[in-house]
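The sequence shown begins at 423 in my numbering and counts up by one. Glycine included, every Cβ here is placed at the ideal spot set by N, Cα and C. Heads up, the thing below is written out as structure tokens.
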Amino acid sequence: MDIDELKKLLKNSTAVLVLDNGEPSYVILDYNSYKALILKEKEVKINNIEKPASGNGKERGEEREILERINKDILAIKNEIENEEKAIGANTEN
């Protein structure tokens, strides 16, 4: 690493640079600088790369079928819960 670059980095800093065999190994910071560095929000870039659509649409059709089955299962469970709640309500009234 270039010594001039290291000098520029440390010129206006309260940090101490620790070298190991002439290469920067650690940086020692005062607590407040370290805390500010750690607590600072970090932007995370997420690249969503969509797969190109297949010519026959088979994958999308399969996904749609799975979603439809899941939705039907959810509706069946909701109906079952409602029926059980009604049965419990009827039993407690008697």
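Contact check, residue i vs residue j, beta carbons under 7 Å
i    : j    : result
N440 : Y448 : One detail in the question is off: residue 440 reads as Val in this sequence, not Asn. Contact: yes.
S438 : I425 : A quick correction: the sequence has Val, not Ser, at residue 438. Cβ atoms of V438 and I425: not closer than 7 Å.
For residue i: DSSP bridge partner residues
i    : result
D442 : E445
I450 : V438
Expected contact under 8 Å - CB spacing of residue i and residue j to nearest Å
i    : j    : result
P446 : L428 : 7 Å
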